[in-house]
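**Q**
Protein chains in written order, with my numbering: chain Z, 1 to 293; chain H, 1 to 236.
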């Protein structure tokens, strides 16, 4: 029983990270109908920047905040400079641009920082925390807490601020939004910025576990796809919940199903994608898309 | 003095030219209507004024050139467009739709007051404030579209076929409210309609469009008495 609780909590911690990245995917998907394949690499690159800042002697949380700011501006700049020229191009064109972005970010990170794994610090104590008879990793609990705070702030932003409302409007109905005087292009840019920011949090929270290297987000992006598919690509809340579910399933299956162990864990994510697409393609909380042809 | 002056307006979709040099005007606080059959270019005319299609020619609002400017910027000058199909934000609540209408206004402080004001015009929207806009009936959505436009505190209101697909009683109600708004707040109105009888009743000036050209114009009174118009557009 203790092991079970432990695994669930640690699953929630990694699940929160999957969920964050899934949320970043869904935010951009809802606004532009495009899946940003470079989301993971953007997160990885932000994490390297955080590493640079920490190594330059900044206290962890200062570096953390600075990284969020840089990630936001970087995401916004990518949208304005790289995505905007192909805004009205066919979806496939934009997908190719995103994949190009993935390769570029990956290679630049490898070129600047090398492909050798680096340890990344956790802001939380190493000593496990004991509650009752069960020990929890302090980083697990801390990462879960940070993720929840970020997600909650995003919810409040989108739900209660005028800018958040304008961004939701721009995603839903760009033509009407323009007629309300909303600068739709900039709203998309801010959306990319926020998605990059959420990704940066995910990157910094997962790096102490998986170590820092240019390919660190590859597997995690697949988990994020599984989460977004499970929750529904049209539902931000669903994506987060999907992430938590995938994280817990992954951990429990890894613990209790002998032949899967740690080596076959990633397969679980792909199995989730497959099962959801066969059984309920719109995901748990998504709406089926209707396209007028 | 004319609030909106349009001279030699042309518009095209791809290679197809839809408007061939229209000229018309809306007076400060006046109501002008553009009549015409399906495909005459009425909707395109409104879209051209708002910079939503590629245009050539001169469009002046309050004496300033607005042709070629971005839609967002034109709206910010105080031109509210109630588009064809109403442009409702279906997944947002009625109140959120209205707040978006007021988004581009300079002063945010009066938002609550403005909400109260549009709820006085459209009490039914007040009752449904927290409902998802997609759940409203067609007539209610048309009211919401007009209310959303009012939240901008516009100087010019562009209405694209507000009567389309609505019950006669609802249409009458909407026209009555437009008249009130025009009188009490001195908002200029440019109305595009297929329902010529109601439009000529409301407007002071009228233009008749046929395949992208103005074929007749003058005081609404004169057009209403014209035999050809009566036969083709009023149906008696």
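For every residue, glycine included, the Cβ atom is placed at its ideal position computed from N, Cα and C.
Quick caveat, the model's predicted, so the values are computed rather than measured.
When you compare the CB positions of residue 115 of chain H and residue 144 of chain H, do they come within less than 7 Å of one another, or not?
**A** no
**Q** Output yes or no for whether 7 Å exceeds the beta carbon distance between residue 74 of chain H and residue 51 of chain H.
**A** Against a cut-off of 7 Å, the Cβ pair of residue 51 of chain H and residue 74 of chain H comes out as a contact.
**Q** At 8 Å on the CB atoms, spell out the chain H contacts of residue 175 of chain Z, in chain order.
**A** 52, 83, 87
**Q** Determine the DSSP secondary structure at residue 236 of chain H, reduced to helix, strand or coil.
**A** DSSP places residue 236 of chain H in coil when its eight states are reduced to three.
**Q** DSSP three-state call for residue 217 of chain H: helix, strand or coil?
**A** strand
**Q** Quick one: is residue 173 of chain H near chain Z, going by C-beta distance under 7 Å?
**A** no
**Q** Once DSSP output is grouped into helix, strand and coil, what is the label at residue 240 of chain H?
**A** Chain H is shown only over 1 to 236; residue 240 of chain H falls outside these bounds and no answer can be derived.
**Q** Give the range of the beta strand (DSSP E) segment to which residue 188 of chain Z is assigned.
**A** Premise fails: residue 188 of chain Z lies in the alpha helix (DSSP H), 184-210, not in any beta strand (DSSP E).
**Q** Can you name the start and end residues of the alpha helix (DSSP H) that residue 147 of chain H belongs to?
**A** 138-150
**Q** Is residue 164 of chain H near the ligand ZN, with its Cβ less than 6 Å from a heavy atom?
**A** Although the ligand ZN was asked about, the structure shown includes no ligands whatsoever.
**Q** How about residue 232 of chain Z: is its C-beta nearer than 7 Å to some C-beta of chain H?
**A** no
**Q** Which chain Z residues are close to residue 8 of chain H, counting only those with a beta carbon under 8 Å from its beta carbon?
**A** Residues of chain Z passing the Cβ test: none, with the nearest at roughly 25 Å.
**Q** With a threshold of 7 Å between beta-carbons, can residue 142 of chain H be considered close to chain Z, or not?
**A** no
**Q** Ends of the alpha helix (DSSP H) at residue 45 of chain Z?
**A** Judged by DSSP secondary structure, residue 45 of chain Z falls within the alpha helix (DSSP H) whose first and last residues are 39-55.
**Q** Considering only residues of the stretch 180-205 of chain H, which uninterrupted beta strand (DSSP E) runs meet the minimum length of 3 residues and lie entirely inside it, listed in chain order?
**A** Inside the stretch 180-205 of chain H, DSSP marks whole beta strand (DSSP E) runs of 3 or more residues at positions 188-193, from first to last along the chain.
**Q** Going by CA-CA distance only, name the one from Z:40, Z:13, Z:5, Z:1 that's closest to residue 192 of chain Z.
**A** Ranking the options by Cα distance to residue 192 of chain Z, first place goes to Z:40.
**Q** Quick check on the DSSP output: the alpha helix (DSSP H) that includes residue 49 of chain H runs from which residue to which?
**A** For residue 49 of chain H, the enclosing alpha helix (DSSP H) covers residues 42-49.
**Q** By the criterion of Cβ-Cβ separation under 8 Å, what are the contact partners of residue 76 of chain H in chain Z?
**A** At a beta-carbon threshold of 8 Å, the residues of chain Z lying near residue 76 of chain H are 181, ordered along the chain.
**Q** Helix, strand or coil: how does DSSP classify residue 178 of chain H here?
**A** helix
**Q** From the DSSP output, read off the bridge partner residues of residue 207 of chain H.
**A** H:34, H:217
**Q** Taking the DSSP output, what are the residues bridged to residue 158 of chain H?
**A** DSSP output for residue 158 of chain H lists H:81, H:190 as bridge partner(s).
**Q** Within the chosen definition, does the stretch 52-71 of chain Z reach the stretch 277-288 of chain Z through at least 3 CB pairs nearer than 8 Å?
**A** no
**Q** Check the DSSP bridge columns for residue 118 of chain Z and list the partner residues they point to.
**A** Z:212
**Q** With distances taken Cα to Cα, identify the nearest neighbour of residue 113 of chain H among H:87, H:78, H:153.
**A** H:153
**Q** In whole angstroms, what is the alpha-carbon distance linking residue 230 of chain H and residue 168 of chain H?
**A** Residue 230 of chain H and residue 168 of chain H have their C-alpha atoms spaced approximately 20 Å apart.
**Q** Give me the Cβ distance between residue 220 of chain H and residue 204 of chain H, rounded to the nearest whole Å; I'm assuming they're in contact under 8 Å.
**A** The C-beta distance from residue 220 of chain H to residue 204 of chain H rounds to 6 Å, short enough to meet the 8 Å contact threshold.
**Q** For residue 293 of chain Z and residue 68 of chain H, what's the separation of their Cα atoms in angstroms?
**A** With a pLDDT of only 47 at residue 293 of chain Z, under 50, the local geometry of the prediction cannot be trusted, and the value read off the model is given with reservation. When rounded, the distance between both Cα atoms is 31 Å.
**Q** Strictly below 9 Å CB to CB, what residues from chain H border residue 169 of chain Z?
**A** 89, 92, 96, 97, 100, 103
**Q** Could you run through the stretch 35-52 of chain H and flag, in chain order, every residue whose CB is less than 8 Å away from some CB of chain Z?
**A** The residues in question are 50, 52.
**Q** Whose Cβ in chain H lies nearer than 8 Å to the Cβ of residue 166 of chain Z?
**A** Residues of chain H passing the Cβ test: 100, 103.
**Q** Tell me whether residue 18 of chain Z is buried or exposed, calling it buried when 16 or more other Cβ atoms sit within 10 Å of its Cβ.
**A** Buried, since its Cβ has 16 or more Cβ neighbours within 10 Å.
**Q** Looking at chain Z, which residues of the stretch 57-76 of chain H have a Cβ within less than 7 Å of any of its Cβ atoms?
**A** Under the 7 Å Cβ criterion, the stretch 57-76 of chain H contributes 71, 72, 75, 76.
**Q** Do residue 197 of chain Z and residue 79 of chain Z have their C-beta atoms within less than 7 Å of each other?
**A** Result no, Cβ atoms of residue 197 of chain Z and residue 79 of chain Z do not sit closer than 7 Å.
**Q** Against chain H, which members of the stretch 72-86 of chain Z pass a CB distance test of less than 9 Å?
**A** none
**Q** Alpha helix (DSSP H) containing residue 121 of chain H: first to last residue?
**A** 111-121
**Q** Excluding the 5 residues preceding and the 5 following residue 101 of chain Z in the sequence, name in chain order all residues of the same chain whose CB lies nearer than 6 Å to its CB.
**A** Once the five neighbours on either side are set aside, the close Cβ partners of residue 101 of chain Z are 38.
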